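>
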Amino acid sequence: MKIVYSHLLNLLEQQPKLKELSDLLFQLGHEHEIDGEVLDMEITPNRGDCLSLRGLARDLNYFYKAKELSKSDMILPALELQFDNKAQDVCPNISFMQIEIEQVPTEYEPYLEAYFADLGIKKNNFFTDISNYLAYESGQPTHCFDQNTMQGHFSLAKKKLKTKFKTLLDTEIELTEENLVFSLDDAVISLAGIMGGASTACSADTTKVLVECAYFQPEEILGKARKYNLSSEAAYKFERGVDYLCQEEVLRRFLQIVSEHTEVMSVTLYSEQNKTTLAEVPYNGDKLNAVVGIDISQQEQMAYLSALGFEAGKSITVPAHRSDVDQL
Numbered sequence: 001m002k003i004v005y006s007h008l009l010n011l012l013e014q015q016p017k018l019k020e021l022s023d024l025l026f027q028l029g030h031e032h033e034i035d036g037e038v039l040d041m042e043i044t045p046n047r048g049d050c051l052s053l054r055g056l057a058r059d060l061n062y063f064y065k066a067k068e069l070s071k072s073d074m075i076l077p078a079l080e081l082q083f084d085n086k087a088q089d090v091c092p093n094i095s096f097m098q099i100e101i102e103q104v105p106t107e108y109e110p111y112l113e114a115y116f117a118d119l120g121i122k123k124n125n126f127f128t129d130i131s132n133y134l135a136y137e138s139g140q141p142t143h144c145f146d147q148n149t150m151q152g153h154f155s156l157a158k159k160k161l162k163t164k165f166k167t168l169l170d171t172e173i174e175l176t177e178e179n180l181v182f183s184l185d186d187a188v189i190s191l192a193g194i195m196g197g198a199s200t201a202c203s204a205d206t207t208k209v210l211v212e213c214a215y216f217q218p219e220e221i222l223g224k225a226r227k228y229n230l231s232s233e234a235a236y237k238f239e240r241g242v243d244y245l246c247q248e249e250v251l252r253r254f255l256q257i258v259s260e261h262t263e264v265m266s267v268t269l270y271s272e273q274n275k276t277t278l279a280e281v282p283y284n285g286d287k288l289n290a291v292v293g294i295d296i297s298q299q300e301q302m303a304y305l306s307a308l309g310f311e312a313g314k315s316i317t318v319p320a321h322r323s324d325v326d327q328l
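Just so you know, UniProt numbering puts the end of the sequence shown at 328, numbered straight through with nothing missing.
The following block contains the structure:
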């Protein structure tokens, strides 16, 4: 994963020099190479929570204090969406935001423009560009459907089928065996967690969008992109685990970015939340010291854990983005 030094600084209260920041990232176990101001991160498979600017800023929070990202506080009326989630076992949490804008902007704000320029990424269209940027910033993939194409019975299900599917990259693949798919009636419109389809993709003219934000069990996504020879940043993140409670927060951030570029005419929200309980693990200070190899007081341990998003007490409540933690 490539990130830009100045982009990460935008999420930190303190402004460390590149070498200082690099040294600390190494100490935290995040190996990387530096090319100018670009850090090419080698994030270990168990730390999917660090596959973003925000994720790395969270890990650095004890040392530099991570900034809170601005999110829309707009009142969001309920979206009356006829959606059938037949795969709650592998997609327990999913939200949709419908946004209509007055017009597509011709220019981007500096932070959004810098994402494309500094990383040499090609722009697509307004809504897809925000979706791609947001995955870089927050670590949570989203998918944008052109609302005007969404006609028919909308569903998510695991289906055994053999059918051709044209991706939004105009690549035609043949789906085989069982896949988790979004469909309109019987037509597959998205390979869930991996890539959307051409038939419902946004374009440069799209002014009304349905933004999907979901949690998919990593096991359901694992290996599917490779099987169909698809290069998918979304699948890469979902395979390693994402925050299972962040859907509304991410969509509010999406809306914030939209509103910084153009006038929002209407916005509504649909949400399903079935996985909401945070994990708890026993607290053992002596064991923690044995793992890290140095003697740290209980007060210091609690401060470290709190800075990382854990709620520390007689037991430790694990934040929803840390799927790698099942014991301390």
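The beta-carbon is built from N, C-alpha and C at its ideal position, and this holds for glycine as well. Since we're looking at a predicted model, the values are computed, not measured.
Using 10 angstroms around the beta-carbon of Ala235, count the other beta-carbons present and answer buried if the total reaches 16, otherwise exposed.
Counting Cβ neighbours within 10 Å, Ala235 comes out buried, since at least 16 surround it.
> What number of angstroms, rounded off, separates the C-alpha of Cys198 from the C-alpha of Val188?
First, the residue type needs correcting, since residue 198 is Ala and not Cys in the sequence shown. Cα-Cα distance, rounded: 10 Å.
> To the nearest angstrom, how far is the alpha carbon of Gly293 from that of Glu300?
Approximately 15 Å between the Cα atoms of the pair.
> Please list the terminal residues of the continuous beta strand (DSSP E) segment that includes Asp40.
Where Asp40 is concerned, the enclosing beta strand (DSSP E) stretches over Val38 to Glu42.
> Going by DSSP, name the residue or residues bridged to Ile101.
Val264, per the DSSP bridge assignment.
> According to DSSP, which residues form a beta bridge with Gly196?
For Gly196, which the question treats as bridged, DSSP gives the partners Ser190.
> Do Leu79 and Leu269 count as a contact pair if the criterion is CB distance below 8 Å?
For Leu269 and Leu79, yes; Cβs fall inside 8 Å.
> Could you tell me which residues DSSP puts in a beta bridge with His32?
Answer by DSSP bridge pairing, in chain order: Met41.
> Specify the secondary structure class of Lys287 as computed by DSSP and reduced to three states.
Of the three classes helix, strand and coil, the one that applies to Lys287 here is helix, per DSSP.
> Quick one: what's got a C-beta closer than 8 Å to Ser22's C-beta in the same chain, skipping five residues either side?
Counting only Cβ-Cβ distances below 8 Å, and skipping sequence neighbours, we find His32, Ile34 and Leu39.
> Check whether the Cβ atoms of Glu100 and Phe145 sit closer than 8 Å, and answer yes or no.
Going by C-beta atoms, Glu100 is not nearer than 8 Å to Phe145.
> Tell me which same chain residues have a C-beta within less than 7 Å of the C-beta of Gln147, skipping the five on either side of it?
Excluding residues within five positions, the ones whose Cβ falls inside 7 Å are Gln98, Lys208, Val209 and Leu210.
> What's the call for Val250, buried or exposed, on a 16-neighbour Cβ count within 10 Å?
Val250 comes out buried.
> Between which two residues does the alpha helix (DSSP H) carrying Phe63 extend?
Phe63 -> alpha helix (DSSP H) spans Asn61 to Tyr64.
> Restricting to runs no shorter than 4 residues, where is the alpha helix (DSSP H) found entirely within the stretch 190–249?
Segments of the alpha helix (DSSP H) lying fully in the stretch 190–249: 218–221, 224–227 and 233–240.
> Helix, strand or coil, according to DSSP, for Ser72 in the structure here?
Coil, per DSSP.
> Where does the unbroken alpha helix (DSSP H) through Asn132 begin, and where does it stop?
Unbroken alpha helix (DSSP H) run through Asn132: Phe126 to Ser138.
> What first and last residue would you give for the alpha helix (DSSP H) that runs through Lys19?
Element bounds for Lys19: Leu18 to Gln27.
> Under 8 Å between the Cβ atoms of Pro218 and Glu239?
Yes, Cβ-Cβ distance for Pro218 and Glu239 is below 8 Å.
> Have a look at Gln298 and Phe310 and give me their C-alpha separation to the nearest angstrom.
Whole-angstrom Cα-Cα distance: 14 Å.
> The alpha helix (DSSP H) with Leu161 in it runs from where to where?
No alpha helix (DSSP H) holds Leu161; DSSP gives it neither H nor E.
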